[in-house]
Amino acid sequence: MSLSLPEVKRIAWLARIEITDAEAGAAQGHLNDIFTLIEQMQSVDTEGVAPMAHGQDVVQRLREDRVTETDLHALYQGIAPQVEGGLYLVPKVIE
Amino acid sequence: MFNASLKQLSALLAQKKLSSTELTQSYLDRVARLNPGLNAFLSVDAERSLAQARAADERIAAGKAQPLTGIPVAHKDIFCARGWLTTCGSKMLANFVSPYDAHVVEQLNAAGAVILGKTNMDEFAMGSSSETGFRGPVRNPWDRTRVAGGSSGGSAAAVAARIAPVAIGTDTGGSIRQPAALTGICGLKPTYGVVSRYGMIAFASSLDQGGPMGKSAEDLALLLNVMAGFDARDSTSLERPAEDYARLLDAPLTGDHAKPLSGLRIGVPREYFGEGLSGDVAAAVEATLAQFEKLGATRIAISLPNSGLSVPAYYVIAPAEASSNLSRFDGVRYGYRAAEYGDLADMYRKTRAQGFGAEVKRRILIGTYVLSHGYYDAYYLKAQKIRRRIAQDFAAAYKHCDLILGPTSPSVAFGLGAKVSDPVQMYLIDIYTVAANLAGLPAMSIPCGFGEGGMPVGLQLVGDYFAEARMLQAAHQFQLATDWHLRQPAGTE
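In order, the protein sequence lines correspond to chains D and E. Letter by letter, the first sequence follows residues 1 to 95 in this note's numbering. Letter by letter, the second sequence follows residues 1001 to 1493 in this note's numbering.
Structure below.
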């Protein structure tokens, strides 16, 4: 497997990271080196092996359906880049 | 005093021979003097630390002290601490003052410990050298032209240089153990789920685990006692009865005090001593094995056949989870936002392009790709199946042994800049450490000698699930018989 330059740019677009042509070129080399390492996985037969999500055999806990959070939005919004009237401000998305 | 154990410091505090305020101030003075050459700390806040120290002194005076009351602890800058700058080594969070405490921080605060400062690290904990943080690399106290290991390199260097009595770190693929090895200190990654991940800035959630770093196994046990515990806010936190991790330290396995580790079966995986392991590290680990045998342990040859696949599987799973976790950094709710942008998508793209460093972007790209349409089965699912096989290798090995022993890292600390531009070389450093994260097993590193250039060598112990107390016992008994853990780098007196 080898990633082309347009593929690298498309991945960056999916990841919402702006990338210049020069950066994409450098990333392409590194990513292809890394995928050469990763491809070693294909050498082993994993037919019938159950995938393992993490180290403990636990199930998602459920909690009682009641409000436990206190209102901390003023505290949390105090560190936001741009806030007005209790709302996070971002560029307009609907014309 | 700066070489004292936690027990000794606690005794001095209890006997009023020393106040926490004096202790904290003398460590703050040490940070001011020694940190400029090491870059181990990213921030200190003397006022906050001393306020905690004064509160600890009142608590001690009132007779309400616990084992860590009044002890300064260095925190890796990945742990959110209310009112403290918490940057995770990234420009993305350069201005982030946390509005809340991590569970680990709550636990330490409740025990009366003092936050000494926040330590340097690889950006978002993605690295094995502590060179990728936005405030520059950590330098190894044993040789300042070399790396301190990563990603918890600041915490490791702080303990090694005796500018913090103990520290906390996190370990996703070796980030506590490898820097501990490279700086000649001890570090333990607990069983996955023992320490809450709440408020620990997420890298790879199925692998991340916080843990203690210190000069001795005994100090690790005391610190882990405070860090561990159930927390409902972490969905993978384990509900188990409280455990005293120090309970076995001085309890010989048999009545034979000359051979305190009699009956302990140490598994030595042949895959950990093959190609890629430096001769100096191999020699130090081999000598340590002989020492363990002298203490009564039995050496058992074992095999972990899928070891070679742990790095490839890890570098699928960790970036995949990272790409998802780091999608929250979008310039909307906290952290960095680009100064100039067009529409919303452009704001996201510019914010993330400018806020993240090269290695973090690389891992987000790997993760995005392996999770993208059409590639999930070939990469992520395949890696999760290999993960199962790696865990099965360990389960089979623990039928024949109690602990697994080997090197923590294939070489001693390398030079600053030597590997940071070659990601594959950097990833391969994790060869002996990532398997414990993939399987969720507890693992620790302790100093066991010196290698090339007089640099420390780390020994890794990997235990079965919840074997922390047993591992700490073996390490403590080894440390009673040897003095590698007491060595201090020159120039840090």
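Virtual Cβ for every residue (Gly too), placed ideally from N, Cα, C. Here the structure is a predicted model, which is why all the values come from computation and not from measurement.
### Query
From 4/D, 15/D, 3/D and 5/D, pick the residue whose C-alpha is nearest to that of residue 1368/E; which is it?
Comparing Cα-Cα distances from residue 1368/E to each of 4/D, 15/D, 3/D and 5/D, the minimum goes to 15/D.
### Task
Would you check if the stretch 1070-1085 of chain E and the stretch 1098-1115 of chain E touch, i.e. whether three or more CB-CB distances between them fall below 8 Å?
Contact between the stretch 1098-1115 of chain E and the stretch 1070-1085 of chain E is present, because at least three Cβ pairs lie under 8 Å.
### Closer than 8 Å to chain D by CB, residue 1366/E
Yes, residue 1366/E lies at the interface with chain D (some Cβ there is under 8 Å from its Cβ).
### Query
Any C-beta of chain E sitting closer than 8 Å to the C-beta of residue 33/D?
Closer than 8 Å: yes.
### Query
Does any residue of chain E bring its CB to less than 8 Å from the CB of residue 58/D?
Taking Cβ atoms only, chain E reaches closer than 8 Å to residue 58/D, which makes this a yes.
#### Entry: Residues that residue 1391/E contacts on chain D, provided the C-beta gap is smaller than 8 Å
Within chain D, the residues near residue 1391/E are 52 and 55.
### Query
Do residue 1166/E and residue 1153/E have their CB atoms nearer than 8 Å?
Taking 8 Å as the Cβ cut-off, residue 1166/E and residue 1153/E do not qualify as a contacting pair.
### Query
So residue 1238/E and residue 56/D are in contact, right, with Cβ under 8 Å, and what is the actual spacing, rounded?
6 Å between Cβ atoms; contact.
### Task
Have a look at the DSSP bridge pairing and note the partners of residue 1079/E.
According to DSSP, residue 1079/E shares a beta bridge with 1200/E.
### Query
Are the beta-carbon atoms belonging to residue 1474/E and residue 1439/E less than 8 Å from one another?
Remark: C-beta atoms of residue 1474/E and residue 1439/E do not approach each other more closely than 8 Å.
### Task
Since I believe residue 32/D is in contact with residue 3/D (beta carbons under 8 Å), could you give me their beta-carbon distance rounded to a whole number of angstroms?
Yes, they are in contact, since the Cβ atoms of residue 3/D and residue 32/D sit about 6 Å apart, within 8 Å.
### Task
Look up residue 1170/E in the DSSP assignment and say whether it is helix, strand or coil.
Shown here, residue 1170/E sits in a strand according to DSSP, grouped into three states.
### Query
Would DSSP call residue 64/D helix, strand or coil?
Three-state result, residue 64/D: coil.
### Message
So, with DSSP's three-state summary, where would you put residue 47/D?
### Response
DSSP places residue 47/D in coil when its eight states are reduced to three.
### Query
Measuring CB to CB, does residue 1403/E end up less than 8 Å from residue 1349/E?
Residue 1349/E sits away from residue 1403/E, with the two beta carbons spaced by 8 Å or more.
### Message
Below 8 Å, how does it come out for the stretch 1412-1420 of chain E and the stretch 73-80 of chain D: are there three or more Cβ pairs, yes or no?
### Response
The stretch 1412-1420 of chain E is not in contact with the stretch 73-80 of chain D.
### Integer Cβ distance of residue 1168/E from residue 1076/E, believed to fall under 8 Å
About 6 Å separates the two Cβ atoms, so the contact holds.
### Opening and closing residue of the alpha helix (DSSP H) in which residue 1030/E lies
Where residue 1030/E is concerned, the enclosing alpha helix (DSSP H) stretches over 1020-1038.
### Task
Could you say which of 1311/E, 1281/E, 1345/E and 1183/E lies nearest to residue 1129/E if we only look at CA atoms?
Comparing Cα-Cα distances from residue 1129/E to each of 1311/E, 1281/E, 1345/E and 1183/E, the minimum goes to 1183/E.
#### Entry: Contained alpha helix (DSSP H) runs [length at least 4] in the stretch 1297-1341 of chain E, N- to C-terminal order
Unbroken alpha helix (DSSP H) stretches of 4 residues or longer found wholly inside the stretch 1297-1341 of chain E: 1310-1325, given in chain order.
### Message
For residue 1158/E, which residues in the same chain have their Cβ closer than 7 Å to its Cβ, ignoring the five residues on either side in sequence?
### Response
Once the five neighbours on either side are set aside, the close Cβ partners of residue 1158/E are 1040, 1041, 1074, 1119, 1164 and 1167.
#### Entry: Separation of residue 1478/E from residue 1185/E, as counted between CA atoms
Cα to Cα, residue 1185/E sits roughly 14 Å from residue 1478/E.
### Task
Following the continuous beta strand (DSSP E) through residue 9/D, name the residue where it begins and the one where it ends.
Here residue 9/D belongs to no beta strand (DSSP E); instead the alpha helix (DSSP H) covers 5-14.
### Query
Can you check whether the CB of residue 1372/E is closer than 8 Å to the CB of residue 1278/E?
No; because the gap between Cβ atoms is not below 8 Å, this pair is not in contact.
### Query
When burial is assigned at 16 or more other CB atoms within 10 Å of the CB, is residue 1312/E buried or exposed?
Burial call: buried.
### Query
residue 1237/E by DSSP, collapsed to three states: which one?
Residue 1237/E carries a coil assignment under DSSP once its states are collapsed to helix, strand and coil.
### Which residues DSSP lists as bridging residue 1460/E, in chain order
Beta-bridge pairing links residue 1460/E to 1406/E and 1445/E.
### Message
Any beta carbon from chain E within less than 8 Å of residue 46/D's own beta carbon?
### Response
Yes, because at least one Cβ of chain E sits closer than 8 Å to the Cβ of residue 46/D.
### Query
Which residues in chain E sit within 8 Å of residue 80/D, going by Cβ to Cβ distance?
Taking the beta carbon of residue 80/D as reference, the chain E residues within 8 Å of it are 1332, 1333 and 1334, listed in sequence order.
### Residue-chain proximity (residue 1172/E, chain D), Cβ-Cβ < 8 Å
Interface flag for residue 1172/E against chain D is unset, since no Cβ pair is found closer than 8 Å.
### Query
Alpha carbon to alpha carbon, how far is residue 1485/E from residue 1449/E?
So the alpha carbons of these two residues sit roughly 9 Å apart.
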